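Heads up, the thing below is written out as structure tokens.
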Amino acid sequence: MTEEEDVHQTVTMPPMRPVEVAERQEAEPQARDTVFDIQGLTARYGTNVAVRDVNLEIYRNLITAVIGPSGCGKSTFIRCINRMNDDVPSFRLDGRILYHGADLYGDGVDPVEVRRRIGMVFQKPNPFPKTIYDNVAWAPRVLGLKKELDDRVEKALRSAALWDEVKDRLKRSALSLSGGQQQRLCIARAIAIEPEVLLLDEPASALDPIATSSIEELMHDLKRDYTLVIVTHNMQQAARVADRTAFFSLEVDDSGRAGVLVEYDETSKLFTAPSEKRTEDYVTGRFG
Amino acid sequence: MAAAERALTLRGNARVRRRRIVNRLVEGVATIAALAAVAMLGLVVWSIAKRGAGDLSWGFLTKSLPLFGEPGGGIAPLIVGSAILVGIATAIALPVGVCIAVFLQEFASPRVRAPIQLVIDLMNGLPSIVIGIFVFGLLVYGHPQNGLAGAYGLAIVMLPLITRATQEVLRLVPSAQREGALALGASRWRTVVGIILPSALGGILTGTVLAVARAAGETAPLLFATSIYATTVQWDPRHALPNIPTQIFIWSESPDPADHKRAWASALVLMLFVLVTSLVARAAFVRSRRKLSR
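Residue numbers (my numbering), protein chains in the order written: chain A, 1 to 288; chain B, 289 to 582.
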């Protein structure tokens with residue numbers, strides 16, 4: 001009996017690292033570093049449970065995609081990771097998010113410091129109504145990184161594959177850029193302060209296919225220096241860009257509706273040989 | 289006839305026609321009420337222009353006040369005095385009002401916001417004569433009259449207006465801008481100072497200009513604080529400052545018909561200032577609003 005229980009526990013536990021190292025050939029060894037260890041994360045707005053009991057680990061220099069149907073708590077989940085939900089009055093969080101072992105919601109943790117290390121790019125491009133240059137330079141200035149600011153801005157714009165398009169008009173308003181350019185500017189803005197992690201909340205959902213593919217290409221390049229987590233409702237996008245994919249779904253029971261993590265695995269495995277029926281239904285288009 | 293009755297008719301029966309008449313009637317009454325408001329403003333502008341325009345001249349705008357019973361004279365001291373009073377009032381009310389609005393919109397929890405909002409709104413409804421007496425009792429009684437006390441009174445009038453106008457524009461700043469700044473590791477106040485206030489600047493300034501237009505015409509707060517003054521241009525706000533609204537009041541109480549004419553002309557100057565600044569401010573506000581919501 002005890003042995004059976006043990007087995008059961010092992011099955012429901014978060015993905016175990018040794019197994020994955022063995023399974024994954026193309027991943028470099030250092031890619032196994034755990035950046036986030038999320039344990040029993042439950043997020044509520046008032047009495048409404050948005051995400052329930054999520055356990056997963058996110059690894060360094062990988063692109064981790066979060067997919068799932070509308071309302072399954074994908075955005076809530078990703079916003080928990082850099083404490084962007086703090087300002088929502090009724091928001092409550094249980095469980096732990098360990099970032100390199102430190103609890104993001106622990107005592108004395110400053111959300112400002114958290115967000116400085118864990119950047120975020122939003123669904124709709126939201127450049128500030130300033131010049132292109134000032135959009136990128138604003139955060140470094142605020143954080144006191146004023147040395148060689150021009151180089152920093154150029155580096156960030158180059159990393160975001162935007163430099164060649166804007167180098168002659170850095171003093172023009174950022175609002176004069178196209179939607180795709182604006183989104184890449186927002187990425188440049190986020191990486192100008194050299195965060196370790198970049199969270200992308202449906203970064204391409206407001207963009208046309210060409211702009212979308214340039215963002216996806218960009219993500220591949222950024223992987224070298226950053227750990228990326230992307231929320232997307234577009235399964236093809238997850239399949240194209242992500243190394244690992246987490247599938248969230250909506251669970252309805254007596255206590256109400258809540259988003260839950262159904263399956264988390266290598267992207268190729270999750271899409272071709274999912275171990276959960278619900279995942280299979282979703283990725284084959286039978287629901288959602 | 290019988291055939292015509294059986295054919296489809298869209299003219300409607302008696303009840304439908306009655307509804308149409310009632311509809312027209314209500315529409316007409318509402319239109320007349322709206323036109324009456326326009327006519328009232330037109331009437332005020334026209335009557336003041338008619339009585340005041342004749343005495344308006346360059347000399348009237350640039351000369352000192354006439355000594356009692358003398359002909360001629362001008363209102364230069366009034367214009368300068370009013371400008372100083374409103375200037376000091378703005379210097380007090382603008383920063384305080386913007387800070388209150390930032391607190392209410394960006395920092396306060398809803399539970400704290402509601403009562404403070406109520407206080408600001410009640411302040412807006414405070415009778416200006418009450419402000420005048422308050423300022424008199426607090427700052428003037430036992431001292432000589434002085435312009436500073438009058439400016440404080442005007443600042444009390446302007447404060448809720450500026451606060452309200454600033455809140456309105458802060459509400460228009462998209463929350464995506466806030467989130468974008470916060471996600472870059474900027475603290476709350478940095479976000480406010482660096483991103484939100486610059487976006488809202490146009491709206492704040494136009495709200496301020498509207499408050500200036502309102503304060504320029506306020507008489508009651510000045511009546512006890514700065515109403516006994518010299519006839520020449522005064523620059524020192526520690527003394528009583530000549531000002532347009534009070535002087536209009538004094539001249540219109542005078543038995544001398546020449547003073548009545550001066551009162552009309554001064555009223556015209558004041559009214560033109562208020563109308564023009566309000567219109568310009570409103571036009572600018574519409575523009576900045578469009579820019580924000582784009």
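All residues carry an ideal CB built from backbone N, CA and C; glycine is no exception.
Just so we're clear, the structure is a prediction, and the values are computed from it rather than from any experiment.
At a cut-off of 8 angstroms between C-beta atoms, Glu456(B) does not count as an interface residue with respect to chain A.
Residue contact with chain B for Met219(A): absent (no Cβ-Cβ distance below 8 angstroms to any residue of chain B). Annotation for Asp53(A): no alpha helix (DSSP H) segment contains it, though the beta strand (DSSP E) segment containing it runs 48-59. In chain order, Ala43, Gly73, Thr76, Phe77, Gly259 place their CB closer than 6 angstroms to the CB of Val51(A), counting only its own chain and leaving out the 5 sequence neighbours on each side. Closest by C-alpha distance to Glu263(A), out of Val54(A), Asp151(A), Val35(A), is Val54(A). When only Cα atoms are considered, Pro545(B) and Ser566(B) end up about 31 angstroms apart. Under the Cβ criterion of 8 angstroms, Ile230(A) is not counted among the residues facing chain B.
Interface annotation, Gly360(B): not in contact with chain A, CB-CB separation never under 8 angstroms.
Contact between Ile132(A) and Leu170(A) holds: CB atoms are separated by about 5 angstroms, below the 8 angstroms threshold. Excluding the 5 residues flanking it on each side, Leu104(A) has same chain C-beta neighbours closer than 7 angstroms at Arg83, Ile97, Val114, in chain order. Between the stretch 492-504 of chain B and the stretch 400-415 of chain B, the count of C-beta pairs closer than 8 angstroms stays below three; the two stretches do not touch.
Of all residues in the stretch 501-518 of chain B, none comes within less than 9 angstroms of chain A when Cβ atoms are compared.
At a beta-carbon threshold of 7 angstroms, the residues of chain B lying near Ile193(A) are Leu472, Gly473, ordered along the chain. Taking C-beta separations shorter than 7 angstroms and ignoring five residues to either side along the sequence, the partners of Glu165(A) in its chain run Gln181, following chain order. Contact note: Gly108(A) does not reach chain B at a C-beta cutoff of 7 angstroms; the least C-beta distance is about 16 angstroms. The C-beta separation of Leu185(A) from Leu177(A) comes to about 6 angstroms, placing the pair in contact by the 8 angstroms criterion.
Taking the CA atoms as reference points, Pro398(B) sits about 50 angstroms from Leu349(B). Judged by DSSP secondary structure, Asp151(A) falls within the alpha helix (DSSP H) whose first and last residues are 149-159. In the three-state reduction of the DSSP assignment, Ser268(A) falls in the helix class, which pools H, G and I. DSSP places Tyr45(A) inside the beta strand (DSSP E), whose first and last residues are 34-45.
Taking 8 angstroms as the cut-off, the Cβ atoms of Arg189(A) and Val136(A) count as close. In the three-state scheme derived from DSSP, where H, G and I count as helix and E and B as strand, Gly119(A) is classed as strand.
Beta-bridge pairing by DSSP links Phe91(A) to Tyr45(A). If the five residues before and after Leu353(B) are omitted, its C-beta is found closer than 6 angstroms to the C-beta atoms of Gly361, Pro365, Thr519, all from its own chain and listed in chain order.
Ala464(B) belongs to the set of residues whose beta carbon lies under 8 angstroms from a beta carbon in chain A. By a beta-carbon distance limit of 8 angstroms, Gln405(B) does not contact Leu414(B). Their separation comes to about 15 angstroms. Taking 8 angstroms as the cut-off, the beta carbon of Leu470(B) is found no closer than this to the beta carbon of Ile193(A). Taking 7 angstroms as the Cβ-Cβ cut-off, the stretch 475-491 of chain B approaches chain A at Ser475, Arg478, Gly482, Ile483, Ser487, given in chain order. When Cβ-Cβ separations below 8 angstroms define contact, Pro89(A) makes contact with chain B.
Counted as a single uninterrupted DSSP element, the stretch harbouring Ser352(B) is not any alpha helix (DSSP H), since DSSP gives it neither H nor E. In this structure, DSSP gives Asp103(A) an extended state, which the three-state scheme calls strand. Around the beta-carbon of Gln183(A), 16 or more other beta-carbon atoms lie within 10 Å, marking it buried. Under the three-state reduction of DSSP output, Asp409(B) falls in the helix class. Residue state for Ala192(A) is assigned as coil, using DSSP reduced to three classes.
In the structure shown, Thr232(A) falls within a coil segment according to DSSP collapsed to helix, strand and coil.
Ranked by Cα distance from Ala204(A), the options His233(A), Asp225(A), Glu196(A) are led by His233(A).
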